[in-house]
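Asker:
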Amino acid sequence: MFIMAGRMVGHTFVHGGPCLSGLSPAVVHVLLGGSPETATVTLEDCPDIDIRATIRLLEGESEISDEGKINVRDLAFAWDLPCLTGNNRRWLFEKMLIHAVIGRVIRQIKQLRRGPKETSMWAMLSQRPDTVALLFPQEGAVDYSPAVILQRITWPRDDDDDEDDDCSVDTKCRVSGYLRRFIENASPDVMTNLVIFWTGWEILPRNNLSIEVVNGSFPTASTCYETLRIPGHYKDYASFEHVMLACIGTCQTEFGLV
């Protein structure tokens, strides 16, 4: 399964699709042939919240409760590691952290690595290390600032000649103005939801974002084409903003689960 996932990552990159974001830098390091021992691992890289909380108990020098010691002991036994003693706390913390982030998924990492190799991506990654950030972008590195989003938008044009277009030029201008104002005043969280709602992904696509003003009840998106469709019936910004916030808020659950 992970071999297939690796192939998909390679093919989607070649054909301009979304990249695989959110991978731990430590996982990317090992994926590209680095040693697990030289990977920089942090607690935030651990995907399991319960395991992360248990390992966090070993961080620092504060006293660990009896319940915490039991949790650490059980986790150490499960991973064939020695129990906590007065002299191995830091060592055990590092071993548990590396195993939680890399050791448990080393087989999957090796399988995932075969995908880029089979799609000729491996040569590029080896010869051009600067492309790694493009193939495996970090979520925190994405710039969702209003200026960046506005520059990427292809706005409806006054001279669009479409026989099926029932929206007037005035309507397109009014709704486009509402969207521009919405983006300019949006918080980072709102901008993230808007991009996911618009594209189906948390990473900005390579192509421009498109807008269509249509007849309809609520804003929708054709994520494969990065196209946002906004109804033209809004007459004031307040109602537009209210509906937009409600709609893009469904990006984490989809309409059917609201």
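Everything in the sequence shown is counted per full-length UniProt numbering, starting at 1 for the first residue and increasing by one.
We put the CB at the ideal spot given by N, CA and C, even for glycine.
Remember, predicted model here, so these are calculated numbers, not experimental data.
#1: Less than 8 Å between the CB atoms is what I'm expecting for Ala-5 and Gly-103, so what's the real figure, rounded?
#2: Can you check DSSP and say which residues form a bridge with Ala-221?
#3: Please work out which residues of its chain come closer than 8 Å, Cβ to Cβ, to Phe-13, disregarding the five sequence neighbours upstream and downstream, and give them in chain order.
#4: So residue 316 is in the beta strand (DSSP E); what residue range does that whole segment cover?
#5: Within 10 Å of its beta-carbon, does Val-27 have 16 or more other beta-carbons around it, so buried, or fewer, so exposed?
#6: Along the alpha helix (DSSP H) that carries Met-191, what are the first and last residues, could you check?
#7: According to DSSP, is Thr-54 helix, strand or coil?
#8: Rounded to the nearest angstrom, how far is the Cβ of Leu-228 from that of Leu-209, given a contact under 8 Å?
#9: Beta-carbon separation of Leu-81 and Lys-95 under 7 Å?
#10: Quick one, are the C-beta atoms of residue 284 and Phe-2 less than 7 Å apart?
#11: If you check the beta carbons only, do Leu-194 and Ile-248 fall under 7 Å apart?
#12: Which of the three DSSP states, helix, strand or coil, is assigned to Thr-250?
#13: Is Ile-183 helix, strand or coil by DSSP?
#14: Along the alpha helix (DSSP H) that carries Val-30, what are the first and last residues, could you check?
#15: Which residues does DSSP pair with Thr-154 in a beta bridge?
#16: Would you please state the rounded distance, in angstroms, between the beta carbons of Leu-32 and Val-132? I believe it to be under 8 Å.
#17: Using the Cβ count rule (16 or more neighbours within 10 Å means buried), how would you classify Asp-45?
#18: Distance, Cα to Cα, Lys-117 vs Met-124?
#19: Mind checking His-233: buried by the 16 CB within 10 Å criterion, or exposed?
#20: Which of helix, strand or coil does DSSP assign to Phe-136?
#21: Would you tell me roughly how many angstroms separate the C-alpha atoms of Gly-60 and Trp-91, rounded to the nearest one?
#22: Using only the alpha-carbon positions, how far apart do Arg-73 and Gly-200 sit?
#23: Classify Cys-224: buried if its beta carbon has 16 or more other beta carbons within 10 angstroms, exposed otherwise.
#24: Give the straight-line distance between the Cα atoms of Asp-170 and Ala-186, rounded to the nearest whole angstrom.
Answerer: Concretely, from the data shown:
#1: The Cβ separation is near 20 Å, so there is no contact.
#2: Its beta-bridge partners are Leu-228.
#3: The residues are Cys-19, Met-121, Leu-134 and Leu-135.
#4: Nothing about residue 316 can be reported from this structure: the residues present for the chain run from 1 to 258 only.
#5: The residue in question, Val-27, is buried, as its Cβ has 16 or more Cβ neighbours within 10 Å.
#6: Residues 188–199.
#7: In this structure, Thr-54 counts as helix in the three-state DSSP scheme.
#8: Cβ atoms of Leu-228 and Leu-209 come within 8 Å of each other, at about 7 Å.
#9: Result yes, Cβ atoms of Leu-81 and Lys-95 sit closer than 7 Å.
#10: Nothing in the structure corresponds to residue 284, since the chain is present only between 1 and 258.
#11: For Leu-194 and Ile-248, yes; Cβs fall inside 7 Å.
#12: Helix, per DSSP.
#13: Ile-183: helix per DSSP, three-state reduction.
#14: Its alpha helix (DSSP H) spans residues 25–31.
#15: Bridge partners of Thr-154 according to DSSP: Ser-210.
#16: Confirmed, Cβ separation roughly 7 Å.
#17: It is buried - the Cβ of Asp-45 has at least 16 other Cβ atoms within 10 Å.
#18: Straight-line Cα distance between these residues: approximately 10 Å.
#19: His-233 should be labelled exposed.
#20: Residue state, collapsed to three classes: coil.
#21: If I take the Cα positions, the gap works out to 12 Å.
#22: When the Cα atoms are used, Arg-73 and Gly-200 turn out to be separated by approximately 42 Å.
#23: In summary, Cys-224 is exposed, with fewer than 16 beta-carbon neighbours lying within 10 Å of its beta-carbon over all protein chains present.
#24: C-alpha separation (whole angstroms): 24 Å.
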